[in-house]
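Peer 1: The sequence shown stops at residue 884 when you use my numbering, and every number in between is there.
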Amino acid sequence: MSAPLVTPSIGKPISRVDGFDKVTGKAKYAAEFNVPGLAYGVVVSSAIAKGKINRIDTREALALDGVLQVFTHENRPKLAWFDISYNDQDAPPGSPFRPLHDATIKYSGQPIALVVAETFELARYAATLVKADYEEAAHETDLEANLHKARKPKSGIASLLKPPPPKPRGDFEKAFAEAPVTMNGRYVHAAEHHNPMELFATTVVFEKGGKDNKGKLTIYDKTQGVTNSSMYVTQVFNIPSEDVRVLSPYMGGGFGSGLRPQYQLFMAVMAARELKRSVRVSLTRQQMFTFGHRPATVQNVALGAFSDGIMNSLYHDAVGETSQFEDYTEIVVSWGGMLYPPVNVKMDYKVVPLDLYSPLDMRAPGGVTGMHALEVAMDELAYNLGMDPLELRLRNYTDLDHNEDRPFSSKELRECFRQGAERFGWASRNAEPRSMKKDHNLIGWGMATGIWDANQMPSRAEAVLMVNGKLRVSCATADIGTGTYTIMTQIAADTLGMPMDDVLFKLGDTDLPFSLISGGSWTAASVGSAVQSACQEVGKTLLKLAKKMPGSPFKGAKWDDIMFSDSHLRLKSDPSVAVSLQTLVDQNGGKAVRESVTSLPNALEQRKFSRNTHSAVFVEVMVDEDLGTVKVTRAVSAIAAGRILNPKTSRSQILGGMVWGISKALEEESALDHNFGRFMNHSLAEYHVAVNADIHDLDVIFVEEHDDIVNPLGVKGLGEIGIVGMPAAIANAVFHATGKRVRDLPITLDKLL
Ligand code: MOS
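(1) Let's see if you can read the secondary structure: which residues bound the alpha helix (DSSP H) around Y318?
(2) Residues in its own chain within less than 6 angstroms of H619 by CB, not counting five upstream and five downstream?
(3) Can D264 and N344 be called in contact, C-beta distance under 7 angstroms?
(4) How many angstroms separate the CA atom of G787 from the CA atom of V198?
(5) How many angstroms separate the CA atom of K722 from the CA atom of L596?
(6) Closer than 6 angstroms to a non-hydrogen atom of the ligand MOS - does that hold for the CB of G792?
(7) So what's D479 in DSSP terms, helix, strand or just coil?
(8) Roughly how many angstroms lie between the CA atoms of Q550 and T744, to the nearest whole one?
(9) Is the closest heavy atom of the ligand MOS to the C-beta of G787 under 6 angstroms?
(10) Is the CB-CB distance between P877 and E751 below 7 angstroms?
(11) Out of curiosity, what's the CA-to-CA distance linking G435 and V312?
(12) Kindly indicate which residue of Q366, F337, P327 has the alpha-carbon position closest to the one of T354.
(13) If you reduce the DSSP assignment to three classes, tell me which class M588 lands in.
(14) Measuring straight from C-alpha to C-alpha, what distance separates K342 and L348?
(15) With distances taken between CB atoms, is the gap from G908 to S566 smaller than 7 angstroms?
(16) Inspect the beta-carbon positions of A269 and G808 and report whether they are closer than 7 angstroms.
(17) Taking only the alpha-carbon atoms, compute the straight-line gap between F437 and G142 and give it to the nearest angstrom.
(18) From T729, H867, R416, pick the residue whose C-alpha is nearest to that of P589; which is it?
(19) From N777, A772, D374, pick the residue whose C-alpha is nearest to that of V841; which is it?
(20) Considering only heavy atoms of the ligand MOS, does any lie closer than 6 angstroms to the CB of R494?
(21) Can R836 and S444 be called in contact, C-beta distance under 7 angstroms?
(22) Have a look at A321 and K671 and give me their C-alpha separation to the nearest angstrom.
(23) If distances are taken between C-alpha atoms only, which option among Y160, R147, F202 comes closest to G172?
(24) Excluding sequence positions up to five away, which residues of its chain have a Cβ less than 6 angstroms from the Cβ of S781?
(25) Given this structure, state the Cα-to-Cα distance separating P135 from D214, to the nearest angstrom.
(26) Using only CA atoms, which one of T879, D875, A864 lies nearest to D510?
(27) What is the DSSP secondary structure of T415, counted as helix, strand or coil?
(28) Helix, strand or coil for D633? Go by DSSP, reduced to three states.
(29) May I ask whether a heavy atom of the ligand MOS can be found less than 6 angstroms away from the beta carbon of G387?
(30) How many angstroms separate the CA atom of A709 from the CA atom of L676?
(31) DSSP beta-bridge partners for E751?
(32) Counting along the chain, where does the alpha helix (DSSP H) carrying A864 start and finish?
(33) Can you list, in chain order, the residues of its chain with a C-beta nearer than 6 angstroms to that of Y318? Leave out the 5 residues immediately preceding and following it.
(34) Rounded to the nearest angstrom, what separates L278 and E191 at their Cα positions?
(35) Name the two residues that bound the continuous beta strand (DSSP E) containing R376.
(36) Rounding to the nearest angstrom, what Cα-Cα distance links M132 and K779 in this structure?
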C-alpha cells in the first residue's frame, strides 16, 4: 500500500471554512439582508429607572413625511397573555420582560416606543421628537447598599442547569476556628456588559399570505439560537410556526448576549405584522446597555488549613443582583466544593432584586466570578502558610468531586499544572512580593486554576449524501464565532472518509433539524455528536447498498468490519477491498442517501461522573507604581478539555477567553449612577475593553485528555474555560508585584496608587 488510507481532518489546525466569506464581506449579518421596500425602526428608551409614563406624545414624529408609525404601549397590537408565552430557552424563573406592555417603567433604558420610517435617518430623527412625561418612583440600583435584601433565588426549569450550591457538609465554623492557618476576604465585582462588534439587529422580510393570512415572516435575527427566537415570536404573536422562519447564518460576537431574544426582535416582528411591510430594527451601542449584563456581585471566602497546607475548611458565599421581575442566577460558589477536598464546607448563594434589567449569561457566567474570589483566596492562604501557591493546590488536589461525591469523567488538571508551570518558568519564582523589578516597573507572577462544565444537550442533525457524491450536513445550531461551521465539517468529513471540500455544513436556520441555543460550551459536544451519528447512519445505509451489489465483497460485513476513507467504503481487514461512495449512491435508485438523527446524551452513564474542563493559568504582570498601570506581559494557559477537534479554532477560543480575562481583570466595569439608576459609560469610549496595545505574549497549551464518558467524540467544549482562571491569576500577580491585595474587580489604577 502506498498512500495512507485514513487522513482524518479532526485534530488538524484547519482554517475556518467560512473564513473567506467573512473576510470578503460575503458573510451577511442580521442587519445586512436587504429587500425592496424595507422600513426602518428606531427604539426610544426610557429616561427614568422606575415609575410610569403619564403621557407619551408621538404627534411631532408622526407629522413627518415618511414616518409610517410610532408604536407605544397605547397602540401596540394584542399579544399573548400568559408569562409562559414570553419564556425562552434561557429565561430565568420569574416574569419575562414584555416590551411596550403597559405604562410601567422597570429600568432605565427600557424601550418605550418604536418609530418606523421609510429611512433609517428619518426614523432616528423622528425618535428624538417622541416626548414622554413620567411619574417617577424611587429606585434602587446599588447592590452593596441593598445587601440586607438578599434572598434565595426562585427555582425554575432554567435552574436545572444552574443548581443551587449543595448543603453544608461537616462543621465549617468549628473546623475554621481550629485551623492553625486561615484567610478570609470580601470580593466585589462591578457589572459588565456584552459588547460584541455586531450590534443587535433584526430584519423581518414580510410576504403576503400565510396560514392565517396575516403574512409570512422570514426573520434574520442576531441570536445564539434560531429555534429560541422562532419559539418566542410564534408564542408572543400567536403566529403559526410554518409562517415563521428564523435565520442567523453568522453572528458578530455573542458571548451570551444572544442567548435570549432581545427586544429588537419583538419590535421588528410587531412592526412588520402591523404595517405589512419588511422592517429592520437595529439597536445602538448605547442600547447594548439596556438589556442583559453580567451581574455585580459581592462574595466572601474563608479558608482554613493545617500548617502542611492541607485544607480543613472552606466557606464561600455570593450575592448577585437581579431584576425585580426575574431571578437570574449563576453558579458562583459551588466550584470550591468540586476542586478542593476540605471536609467542612459551607457555600451560599443569594440574589438582590434591583431596578435594573435582568442580568444575562456572559462567558463563563458565575464561573469566572466565583473562581476569581476563590483562587485569589487560595493565593492569600498560600501566603499565610508561607507556601508556594501551586504547591498548595497540589497538596489539595482531588480526583473526586466532593459536592456530588463522584469521580470526574476525566481530569488532567495535574498535567495542566505541570506543563503550564514548566512553560512559564514558575519554578524560578521568588515568592517574596516586590522582589522583581525591571527599570521602574514591579514584576509579579501569579497563577490560578480554572474549571468549567462539559455538558451535552439533545441535538438533531441531518446528513445527505447527494447524487453528485457530495455530503450536505445540517443543524439549526449557531456559529457564534467559535468555528462551528469548521469543526462540524471536519467531523462529517472524517466520519464518512471524505475530503472536507466535498462536505457542506449548514446551520442557523429553523428549516434545519432542531438544536437548542448555542451556549454553555456545549455546542461542539452536542451538535458534534448529532453530526457524527447522522453521518454514521448514512454510512450504515451505504453498507446496505454495498451488500446488495452483485458479487459484493461486503456481503457478510458488519458495521464494525468496515471503514470509510478516501471517499470509499472499505473492509478494515483489507482496505484495498473498496467501493466508492459515488458508486454506492448511484445504487440508490437516483436518490440521495438521507438520514436524520437526534443525539441524546447518555444520561445514565454520564450522571455517575462530574464532567468538567480544567485549566492552569500563569501570568506575569508589570506594574508601574508611579502611575498604577498594570500590563499583562505574559500569560500561559494550560487547558484540559478532552479531544481537541481543531487546534487552530480551539486556540482562538482560549486566546479570546484570555484576552477577555485581561479585560475583565483590569478594565471592564459598567458604572451606575445611582441617582439616575442608569449605566453611564454606555459607549466604547467610556466602557473600556482590552485592545491590541493591552495584549502581549499569550501562550496556549492543550493537555492530552481522553474521555469516553462525555460523548463518543470525547469532546468537552472550549467556549468558556479560557476566561475562567485569568482574572485571579492576574490579581495574584499584581499582589506578587506590589504586595497589595486588591480583591475587587476591575483592578484599576486608583486601587493601586
Ligand atoms: Mo455562553 S455565556 O453560554 O454564550
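Where a beta carbon is used, it is the ideal one built from N, C-alpha and C, also for glycine.
Peer 2: By the coordinates alone:
(1) By 1-based counting over the sequence shown, the position of residue 318 is 187. No alpha helix (DSSP H) contains Y318, which is instead part of the beta strand (DSSP E) from 312–320.
(2) Within the sequence shown, numbered from 1, the residue matching residue 619 stands at position 488. A quick correction: the sequence has Met, not His, at residue 619. The answer, listed in chain order, is F636, V662.
(3) Position 133 of the sequence shown, counted from the start, is the residue given in the question as residue 264. Position 213 of the sequence shown, counted from the start, is the residue given in the question as residue 344. The answer is no: Cβ separation not under 7 angstroms.
(4) Residue numbering aside, residue 787 sits at position 656 when the sequence shown is read from its first letter. Residue numbering aside, residue 198 sits at position 67 when the sequence shown is read from its first letter. C-alpha separation (whole angstroms): 42 angstroms.
(5) Here residue 722 refers to the residue found at position 591 when the sequence shown is read from its first residue. Here residue 596 refers to the residue found at position 465 when the sequence shown is read from its first residue. Each residue's alpha carbon lies about 9 angstroms from the other.
(6) For this step, residue 792 is matched to residue 661 along the sequence shown. No, Cβ of G792 sits at least 6 angstroms from all heavy atoms of the ligand MOS.
(7) On the sequence shown, residue 479 is found 348 positions in, with the first residue counted as 1. Three-state DSSP puts D479 in a strand.
(8) As a position in the sequence shown, residue 550 is number 419, starting the count at 1. As a position in the sequence shown, residue 744 is number 613, starting the count at 1. Distance between the alpha carbons of Q550 and T744: 16 angstroms.
(9) Position 656 of the sequence shown, counted from the start, is the residue given in the question as residue 787. False, no ligand heavy atom lies under 6 angstroms from that Cβ.
(10) Against the sequence shown, residue 877 aligns to sequence position 746. Against the sequence shown, residue 751 aligns to sequence position 620. No. Outside cutoff.
(11) Along the sequence shown, one-based indexing puts residue 435 at 304. Along the sequence shown, one-based indexing puts residue 312 at 181. C-alpha separation (whole angstroms): 6 angstroms.
(12) Looking up residue 354 in the sequence shown gives position 223. When each option's Cα is compared against that of T354, the closest is P327.
(13) Within the sequence shown, residue 588 is the residue found at index 457, counting from 1. It is coil, neither helix nor strand.
(14) Position 211 of the sequence shown, counted from the start, is the residue given in the question as residue 342. Position 217 of the sequence shown, counted from the start, is the residue given in the question as residue 348. About 11 angstroms.
(15) Only positions 132 to 884 of the chain appear in the structure, and residue 908 is not among them; the question remains open.
(16) By 1-based counting over the sequence shown, the position of residue 269 is 138. By 1-based counting over the sequence shown, the position of residue 808 is 677. Cβ atoms of A269 and G808: not closer than 7 angstroms.
(17) The residue given as residue 437 occupies position 306 in the sequence shown. The residue given as residue 142 occupies position 11 in the sequence shown. Answer to the nearest angstrom: the Cα atoms are 44 angstroms apart.
(18) What you label residue 589 is simply residue 458 of the sequence shown in a count that begins at 1. It is T729 whose Cα lies nearest to the Cα of P589.
(19) Counted from its first residue, the sequence shown places residue 841 at position 710. It is A772 whose Cα lies nearest to the Cα of V841.
(20) For the purposes of this step, residue 494 is taken as residue 363 along the sequence shown, with counting starting at 1. Checking the Cβ of R494 against the ligand MOS gives yes.
(21) The residue given as residue 836 occupies position 705 in the sequence shown. The residue given as residue 444 occupies position 313 in the sequence shown. The question names Arg, but residue 836 in the sequence shown is Glu. No.
(22) Locating residue 321 in the sequence shown gives position 190, where the first residue counts as 1. Locating residue 671 in the sequence shown gives position 540, where the first residue counts as 1. Taking the straight line joining both Cα atoms gives about 54 angstroms.
(23) In the sequence shown, counting from the first residue as 1, residue 172 sits at position 41. When only C-alpha atoms are compared, the closest one is F202.
(24) Here residue 781 refers to the residue found at position 650 of the sequence shown. So the qualifying residues of the chain are I775, L849.
(25) The sequence position of residue 135 within the sequence shown is 4, counting from 1. The sequence position of residue 214 within the sequence shown is 83, counting from 1. Here the model assigns P135 a pLDDT of 39, short of 50, so the residue's position is not dependable and the matter cannot be decided.
(26) Within the sequence shown, the letter at position 379 stands for residue 510. Checked all of T879, D875, A864; the closest Cα to D510 is A864.
(27) As a first step, residue 415 is located in the sequence shown; it is residue number 284 there, counting from the start. T415: coil per DSSP, three-state reduction.
(28) Working through the sequence shown from its first residue, we reach residue 633 at position 502. D633 falls in the helix class under three-state DSSP.
(29) The residue you call residue 387 lines up with position 256 of the sequence shown. Under cutoff, so the answer is yes.
(30) Residue numbering aside, residue 709 sits at position 578 when the sequence shown is read from its first letter. Residue numbering aside, residue 676 sits at position 545 when the sequence shown is read from its first letter. Near 13 angstroms, if we compare the C-alpha coordinates of L676 and A709.
(31) As a working mapping, residue 751 is identified with position 620 in the sequence shown. According to DSSP, E751 bridges with W576, R765.
(32) Looking up residue 864 in the sequence shown gives position 733. Its alpha helix (DSSP H) spans residues 857–869.
(33) Position 187 of the sequence shown, counted from the first residue, corresponds to residue 318. Only Q430, A504, R874 meet the Cβ criterion.
(34) Reading the sequence shown from its first residue, position 147 is the one you call residue 278. Reading the sequence shown from its first residue, position 60 is the one you call residue 191. Near 44 angstroms, if we compare the C-alpha coordinates of E191 and L278.
(35) By one-based count along the sequence shown, residue 376 stands at place 245. Segment 375–378, the beta strand (DSSP E) holding R376.
(36) Counted from its first residue, the sequence shown places residue 132 at position 1. Counted from its first residue, the sequence shown places residue 779 at position 648. For M132, the predicted model reports a pLDDT of 33, less than 50, meaning its position is unreliable; a value from the coordinates is still stated below. About 31 angstroms.
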